[in-house]
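One rule links them: number in the working numbering = place in the sequence shown (from 1) + 754.
Where is the CB? At the ideal position from N, CA and C, for every residue including glycine.
Down below is the structure, laid out as structure tokens.
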Amino acid sequence: MPRKLIAGNWKMNGLRGTGGELARDLAARARSAAPGCDLLVCPPAPLLIPVGEALAGSPVQLGAQDCHAEPSGAHTGDIAAPMLADAGCSHVIVGHSERRSDHGESDAEVRAKAAAAAAAGLVPIVCVGETEAERTAGRALAVIESQVRGSLPQGSGAGPPVVAYEPVWAIGTGKTATAGDIAEAHGHIRDLLREILGRAAGDSVRILYGGSVKPDNAAEILAVDDVDGALVGGASLKADDFWAIGASCP
Ligand code: 13P
């Protein structure tokens, strides 16, 4: 079983002052007490450099929240994966549901971004997850399956990709999927990964759960089969909460 990964997605939150302070706090904790899991923070793009400087010499890794599918070019406002690698990132989130809905990103675009990330030596964190309407209609597993099949990169990069299962209805709502629902979704994703990548490679992919993960529910979620970590939004903005989630890893 791979070591668990606890990733903080800061989304569009933080300025140099608050973000730097949060990163320095986490780095200091991780330097003095080695965490029992891998820790990653994904700040907004303008904070990558100062947060990376704050994390230097600590085991906390740096990630970004999105990248473009092309390595360079005339794409105003976009950020290329090699730029993220150059800024010190090890990971990049692609296909988050907020980007799929706010920017209309398709599975094909997410796959192209994930491939670009891998080509730049980054580990893509490929997000999938059903909406409430899709779950109510009994289509959760079918939606997850089609997103995994359509979004997973085909080449290999710095290592196996990471998959994050984030039910859209659980994001920022305080609602979490039941342990049974999480086990079912993650088990289905594991089966798909084995089918697509082969058994050993499929088993080496970490599958994160995301959606209202907090210190008080983290231990239960992280104990579910095939949950290899968490992608944390709101609770990653407080050092105490993010650290407590990391400390919940079995
Ligand atoms: P919350 O933890 O705020 O629900 O956000 C989850 C998420 O979208 C992480 O990517």
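For residue i, verify whether its CB is less than 6 Å away from any heavy atom of the ligand 13P.
i	result
Asn971	no
Leu962	no
Asn763	yes
Val864	no
Leu793	no
Ser958	no
Val917	no
Val986	yes
Ile898	no
Gly811	no
Ser966	yes
Ile999	no
Tyr950	The sequence shown places Ile at residue 950, not Tyr. Answer for Ile950: no, Cβ out of range of the ligand 13P.
Gly849	no
Ile925	yes
To which residues does DSSP link residue i through a beta bridge?
i	result
His822	Ala834
Gly817	His845
Asn767	Asn767 is not bridged to any residue.
Ala761	Leu794, Leu985
Val882	Tyr919
DSSP three-state call for residue i: helix, strand or coil?
i	result
Asp792	strand
Leu876	coil
Leu906	coil
Ile999	helix
Ile961	strand
Asn971	helix
Ile943	helix
Gly988	helix
Val981	coil
Ala918	strand
Arg893	coil
Pro756	coil
Ile936	helix
Glu899	helix
Ile803	helix
Ala808	helix
Thr1005	Given a span of 755 to 1004 for the chain in the structure shown, any question on residue 1005 remains unanswerable.
Ala828	coil
Are residue i and residue j touching if we call contact CB-CB under 7 Å?
i	j	result
Leu962	Leu991	no
Gly1000	Leu793	yes
Ala886	Val897	Contrary to the premise, residue 886 reads as Glu rather than Ala in this sequence. No; because the gap between Cβ atoms is not below 7 Å, this pair is not in contact.
Ala781	Ser826	no
Tyr919	Gly883	yes
Gly875	Gly842	no
Val864	Ser900	no
Asp982	Arg944	no
Val814	Ala784	yes
Gly817	Val848	no
His850	Cys881	yes
Ala739	Leu809	Residue 739 lies beyond the stretch modelled for the chain, which goes from 755 to 1004, so this question has no answer here.
Ile950	Val916	no
Gly773	Pro797	yes
Pro969	Asp995	yes
Arg960	Pro756	yes
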